[in-house]
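Take 1257 as the starting number for the sequence shown in the working numbering and just add one per residue. Virtual Cβ for every residue (Gly too), placed ideally from N, Cα, C. What you are looking at is a predicted structure, and each value in this text was computed from that prediction instead of being measured. Below you'll find the structure, written out as structure tokens, and then a few comments.
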Amino acid sequence: MRIAIVGSGIAGMTTAALLHSQHEVTVLEANNYIGGHTHTVIVNSDSGQIPIDTGFIVFNERTYPNFCRLLSQLEVPSQPTSMSFSVRCDQTGREYNGTSLNGVFSQRRNLLRPSFLRMVADILRFNRQAVEEVESLDTKTTVGEFLDRYRYSRTFEDHYLLPMGAAIWSCPTLTFRQFPIRFIIEFY
1257 MRIAIVGSGI AGMTTAALLH SQHEVTVLEA NNYIGGHTHT VIVNSDSGQI PIDTGFIVFN
1317 ERTYPNFCRL LSQLEVPSQP TSMSFSVRCD QTGREYNGTS LNGVFSQRRN LLRPSFLRMV
1377 ADILRFNRQA VEEVESLDTK TTVGEFLDRY RYSRTFEDHY LLPMGAAIWS CPTLTFRQFP
1437 IRFIIEFY
């Protein structure tokens, strides 16, 4: 069978690799390079040069089981890591870290900022409400529509959910606002 695959990102290249032995495969790519958003840099270490892919650094077994299986089949090594989320906004001077209560209130003045306390309350409400609402949500409801419908604070949106989502999915915050909220909730 003749098969055309559009895009040479990880999905396109994996599909081509799996199909090429039994089919005639052509990969179509709009860019002048292959690999999608991958970007491999060579890092010099005491043990020699190590290629590091900066386009896809972190994954986990729960949400990426097929990717983990692919890495295993290709005998690509990985190593455990930990992730955290910190925010620093030069416009407002707001800083916090989500790893502990002390980190959340690393700027003690945040204990007295109503907007910051509202953001913390909205984080707790979102975590609870997301679990309660996920099954009843339309698959087309966006992050932005969910935030607007349930009147989440601007601080929660601009200094927590949107920057975290944009960082995880490597996209602008306005793009993340258009993501389907049900997908986001199920991912977490």
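| query | result |
| --- | --- |
| Residue ranges of each beta strand (DSSP E) within the region 1308-1359, 3 or longer | 1342-1345 and 1350-1353 |
| Residue 1298 classed as buried or exposed, judged by whether at least 16 other C-beta atoms fall within 10 angstroms | exposed |
| Helix, strand or coil at residue 1263 [DSSP, three-state] | coil |
| Rounded straight-line distance, which links the Cα of residue 1258 to that of residue 1417 | 44 Å |
| Beta-carbon proximity of residue 1309 to residue 1294, cut-off 7 Å | yes |
| Counted within 10 angstroms of its Cβ, other Cβ atoms place residue 1325 as buried (16 or more) or exposed | exposed |
| Extent of the continuous alpha helix (DSSP H) to which residue 1373 belongs | 1370-1389 |
| Exposure of residue 1404, with buried meaning 16 or more beta-carbon neighbours within 10 Å | exposed |
| Residue 1327 at chain C interface by Cβ criterion, 7 Å | Of the protein chains in the structure, only one exists, and it is not chain C. |
| Meets three-Cβ-pair contact criterion under 8 Å: the region 1396-1411 and the region 1423-1439 | yes |
| Residue burial classification, residue 1264 (beta-carbon count within 10 angstroms, cutoff 16) | buried |
| Assumed close pair residue 1340, residue 1354 - CB separation to whole angstroms, cut-off 8 Å | 6 Å |
| Cα-Cα separation, residue 1424 to residue 1277 | 34 Å |
| Reduced DSSP category for residue 1290 - H, G, I as helix; E, B as strand; rest coil | coil |
| Per-residue burial, residue 1279 [other beta carbons within 10 Å of its own, 16 or more giving buried] | exposed |
| Residue 1375 to residue 1392 span [Cα, whole Å] | 25 Å |
| Enclosing beta strand (DSSP E) for residue 1403 [first to last residue] | From DSSP, residue 1403 is part of no beta strand (DSSP E) but of the alpha helix (DSSP H) over 1399-1405. |
| Residue 1261 vs residue 1270 beta-carbon contact at 7 Å | no |
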